[in-house]
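The opening position of the sequence shown corresponds to residue 9 in the working numbering, with each subsequent residue numbered one higher.
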Amino acid sequence: MSLPSNWRQLQLFDIVPIRDPNYNSDDALYSNTTLTAISSTEKYMVISIDNCYLKIISQDFQSLKTFMAYDSDYTITYVNSIDQLDLIVTIAEKQGFPSVLKLWNLSKILSIELNENEDPDDVLKRKYQTQVMIQNGDNSFPISCFIFNDDFSCISVGYTNGKVLLIRGDLIRDRGSKQRIIYETPDPITGLQFNEYHELIYVTTTSKILTVATTGRNQGKPLKILSKQVGVPLQCSTKDKSTQELIVGTDSSLRYYNHFGKSHIINFEIKKKIIYRFKKNYLLMVSPEENSTGNSRKQTTKVIILDLHNKHISFTVTLPNTTMNHILEMWGDIYLLSSDGMLYKFHEKPINQQVEIILQRELFQLSYQIAKQSKLSPDILLRICKLHGDFLYNKQDYHESIKLFIKCLNYYKDPNLNLKQDDETLNDFIINIITKFKDASNINNLTEFLNQLYKLDIANNDHITLLLCCYCKLKSVDKIKTFINELDLTDEDESNELASLDFPLIINLFKECGYFHEVIKLLHKLNRPSLIVDIQLNDLKSPKKCLKYIKTLPIDDLLLILIEHSKTLLDNLPIETTELLINVFTGKYTAHDSNVLNEQIEEKEKEPVSDSSFPISSYQNFLAYLSNNAEEPEEEPVDNGPTYLPPRPSLIFASFMNNPHEFVVFLEACIETFDKYQGNINDKKELLITLFEMYLSLSKKSENSEWLDKAQGVIDDNSEFLDESTILLISHIYNFKPGELSSKKRQGFEESLFRSAQLVGDIDECLKIVNQYGDSKPELYKFLLRFIVSKQQYFDKVSDKDFKFILNKIKDYKLSTPLEIIQILSSTEFTTIGLIKDYLIEIIDSNNQEINNNEKLVELYEKESINNNHELNRLKSKPFIIQNNKCSACNLNLDFPAIHFKCKHSFHQRCLNDNYLSSNEHLNSKPVCSICISDIDSIQTLRDEQLKSKDETDLFKSTLKESSDKFKVITNYIGKGIMENEFIHITD
């Protein structure tokens, strides 16, 4: 036997010989030597015996009924079943007479009950469902083959004399039929097969293979001759039902034919007696063999089952001393009947068992194909892939093994995967594969595996980071670019691993490998403009592209970048950067639309030379310079005001450390547009002070008086915004005398002017300053008093009138107490008490008058308190007469029941049925006068609020600590009754 080299031999079927239970008895079943044909339905086995009898056998091999189907001179040569029905088709032949086709319903046959006087043989042979008389000339040639289509509406019969007969009609319902010869040849017909798709019949003879149309008038001619060289023996042709292709078995091969011609060949050199296609993929071949031992010859039979789809031999067995004449599919299995009456059952092993058998042979690909075709569970397919991958890995076929491990990932993602407790989890599997392929020689395979993890969305942060490391190691710039381009960070779901990647580590990795442009793309997706600018400035040395990029950013991002990087930009591109800063901080900035990242070039920019001189000395000159040097004239945008709140210019002051001229231009621009946009006044003050200092600073570096003139102009034009002390300090530092004088003369610098006159001992100037500014700054009177008594020469220059004036002002403004005045004067030897005699007398008289007034108030309060106590005691202890005749609510005459209150209001009880609820819980416990309840409620609430402070000791301590008059705080608390142990609720 010569087999294809790539076909493996397996044993995926079990063979069970079934001996006829009635063997060697008069009522033998299928071991009957007169058996001529055999077939089966879903429930029964049917055999023809004794020429004209049919026997129906159950699944447990019990004879159910035997009946005479034809006259005794006919011989049944064919028995076939119709799929999914208990219908049997039989053909019986008699030489010289038409062959008879009958259709039997087995269920009806088994249900027929005969009377005692009825002859069973005579009755049952007429219980057929359909009968057709088949005519072939003089009917002298036997039938060599016959076939019918699926719905039994068309039958084809082949004869040994080369004729093919076609019968059409509603044969199941026995509504008549027509028959005609559709083909005639001198060669015997050896096989017929319907092609249901194209309405034709495959015809095989002993010398050729052809097709004949089943429709139209073909006048006995073939539709197409498929082969003129190949002849086919009887029972050596079958059909693939799925493709409707004809399968022909020769001693050297298996040949496939479609309606056009030969399709393909499987070289299979073995003698073939029968071929039979069954189930989905199987082809059974019966091969007779003769063994010579001495003078005797023994006939043996080899049975081979091929899996045509998976290209392997599923089963082989050699049966000695026997021949096979009949094959039938029955009850889910295939059966062969030998010449000695033994029935062999070929049962396909369970698919799981088949897979295990194949795995033991290390035929992993085949086991996977079979498991997948049988739709086995994902855990079995996963196990096969793992075993196959490990097998290839151990053979050092790393590239193929990683493909299988990648396939395993798909099964781990399958929702139908059912892992057992001891099975390897996905995380363990991934760790195992990474460990196996961690060597540098396997980095390509590891990269492929990690990439699949990423595509399947099962990679965690570490896996993705490792994948990028592999890309860098392999210098796979294209894959890095693809990864970045496909990176989707728009999903805000917490389960999105990409959003939580360790991007700082990845960015540093790319930077270390020199992939700066790729880093920029990644940062752009991450929305990290600050890092993009840092790379462009510090790594790529591309300030121009950097500046172009940041002009595309929204104002919030741009401002943060300018604060951090504007110093570097100013050092490299002073004019362009200054222009941008002016636009940003004056509210004129609008983001540009630009594809900056897509325009990156590999060439390194030439580092621009910084112009340290920056000859432009004013904002107006700067604007003229920009206008004259513009590359393309741009349409001036319509100024509708800023679309954002301009930031404080002071945020960027430190960036101009090395660029004073640019700083001046920036400050002038901000001041010029300040009023237009109504900025914060404090920002304008800061701008003016800074600009003033920059003018003075530049004047020190240049002999040009223009800077000093500008500094003076700042003071003259913006006097109301400038802080005099700051102007004075800056002018002193830079020795700018006009600024010092101007600051001293301006209002609000009284103390400074006074100190200046005090330093030179000009008592008259001091008096003049105090007279002029004392009412606006009263502290000057106290300063003047101390200055006058500091030295006798100053004291002697002051008149008594001026001295009294000063003392009166101190008293009026309560700048010092009399004791403090005495202490000031007593610190010198040339002052006397007479100076302040009148002052002290006036103070004492005022205090005495205040004491007298307080004593009168005390007496008045005491009298009022005594009267109130007497009235309370009278109300509590003595009765009083109420003479109200009318209700205070309805103003009608009082009648009983009535309620009288101590406030001398009276009510009908019915008039008090309404609830008068108070906000104070003490007043809700008993009836209250509805007229007085508002006043009582207010008094009691005020009292409760006062008493709440009784437990707030921390508040009392803090108030006492912060107050300058602690006695007043204590008396205030006592006056509110907080120090009392008991208190009385206010009721009527």
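Quick reminder that beta carbons are idealized off the backbone N, C-alpha and C, glycines included.
Fair warning: this is a prediction, and the values are worked out from it, not measured in the lab.
In DSSP terms, what residue i is bridged to
| i | result |
| --- | --- |
| glutamate 253 | Asp248 |
| alanine 100 | Ile84 and Val108 |
| isoleucine 211 | Inspection of the sequence shows that residue 211 is occupied by valine rather than by isoleucine. DSSP lists Leu200 and Leu218 as partners of valine 211. |
| methionine 332 | Ser346 |
| phenylalanine 437 | Answer by DSSP bridge pairing: none, since phenylalanine 437 is not bridged. |
| glycine 177 | Ser185 |
| asparagine 113 | Leu95 |
| serine 261 | Asn275 |
| glycine 166 | Cys153 and Val172 |
| arginine 918 | Answer by DSSP bridge pairing: none, since arginine 918 is not bridged. |
| methionine 702 | None; methionine 702 has no bridge partner. |
| leucine 327 | Thr309 |
| asparagine 901 | Lys894 |
Where residue i falls, given that 16 or more other Cβ within 10 Å makes a residue buried
| i | result |
| --- | --- |
| tyrosine 343 | buried |
| isoleucine 26 | exposed |
| asparagine 402 | exposed |
| cysteine 898 | exposed |
| tryptophan 715 | buried |
| glutamate 370 | exposed |
| methionine 702 | buried |
| serine 707 | buried |
| glutamate 298 | exposed |
| lysine 280 | buried |
| asparagine 535 | exposed |
First and last residue of the uninterrupted alpha helix (DSSP H) at residue i
| i | result |
| --- | --- |
| tyrosine 419 | 406-420 |
| tyrosine 401 | 386-402 |
| aspartate 470 | 469-482 |
| serine 885 | 845-885 |
| aspartate 22 | Element bounds for aspartate 22: not the alpha helix (DSSP H) but the beta strand (DSSP E), 21-26. |
| serine 271 | No alpha helix (DSSP H) contains serine 271, which is instead part of the beta strand (DSSP E) from 270-275. |
| arginine 794 | 787-796 |
| serine 834 | 826-834 |
| valine 806 | Careful: valine 806 lies outside any alpha helix (DSSP H) and carries neither H nor E. |
| serine 375 | 372-381 |
| threonine 598 | First-last for threonine 598: undefined, no H or E at that position. |
| aspartate 677 | Just to set this straight, residue 677 is alanine in the shown sequence, not aspartate. 668-680 is the span of the alpha helix (DSSP H), which, as asked, contains alanine 677. |
N-terminal and C-terminal residue of the beta strand (DSSP E) that residue i is part of
| i | result |
| --- | --- |
| serine 89 | 83-89 |
| tyrosine 981 | Note, tyrosine 981: premise wrong, no beta strand (DSSP E); alpha helix (DSSP H) at 974-983. |
| tyrosine 652 | Segment: none, tyrosine 652 is in no beta strand (DSSP E) and carries neither H nor E. |
| lysine 232 | 232-235 |
| glutamate 356 | 351-356 |
| alanine 632 | From DSSP, alanine 632 is part of no beta strand (DSSP E) but of the alpha helix (DSSP H) over 627-636. |
| alanine 719 | Counting along the chain, alanine 719 falls outside any beta strand (DSSP E), though it belongs to the alpha helix (DSSP H) covering 714-725. |
| histidine 908 | 906-908 |
| tyrosine 284 | 282-286 |
Contacts around residue i, its chain only, beta-carbon distance under 6 angstroms, and the 5 residues preceding and following it disregarded
| i | result |
| --- | --- |
| threonine 212 | Thr198, Gly199, Val240 and Ser245 |
| glutamate 337 | Phe286 |
| cysteine 937 | Phe909, Cys911, His913 and Asp996 |
| asparagine 892 | Ser914 |
| glycine 269 | Leu234 |
| asparagine 426 | Asp387 |
Residues of its chain near residue i, where Cβ-Cβ distance is below 8 angstroms and the 5 sequence neighbours each way are ignored
| i | result |
| --- | --- |
| isoleucine 609 | Interpretation of isoleucine 609 is limited by its pLDDT of 41, a score under 50 that renders its predicted location unreliable; the figure taken from the coordinates is listed afterwards. Correct list: empty, nothing qualifies. |
| glycine 228 | Ile189, Ile190, Tyr191 and Glu192 |
| cysteine 153 | Val165, Gly166, Ile197, Thr198, Gly199, Leu200 and Leu242 |
| leucine 767 | none |
Neighbourhood of residue i by C-beta, 7 angstroms cutoff - its chain only, sequence neighbours within 5 removed
| i | result |
| --- | --- |
| leucine 218 | Val211, Pro230, Lys232, Ile233 and Leu234 |
| serine 663 | Ser574, Lys575 and Leu578 |
| aspartate 619 | Low per-residue confidence applies at aspartate 619: pLDDT is 47, beneath 50, and the placement is therefore not dependable enough to give any value. |
| glutamate 584 | Leu555 |
| phenylalanine 671 | Phe664 and Met702 |
Residue-level contact to chain C via CB, residue i, 8 angstroms cutoff
| i | result |
| --- | --- |
| glycine 224 | Absent here is chain C; the protein component of the structure consists of one chain. |
With a floor of 3 residues, list each beta strand (DSSP E) that falls wholly inside the stretch 135-162, ordered by position along the chain. Runs of the beta strand (DSSP E) inside the stretch 135-162: 138-142 and 151-156.
Uninterrupted beta strand (DSSP E) stretches inside the stretch 13-79 (no shorter than 3 residues): Whole beta strand (DSSP E) segments, 3+ residues: 21-26, 45-48, 53-57, 61-65 and 71-76.
Quick one: complete alpha helix (DSSP H) runs, 4+ long, within the stretch 500-563? List check, alpha helix (DSSP H) in window: 511-520, 524-534, 537-542 and 551-558.
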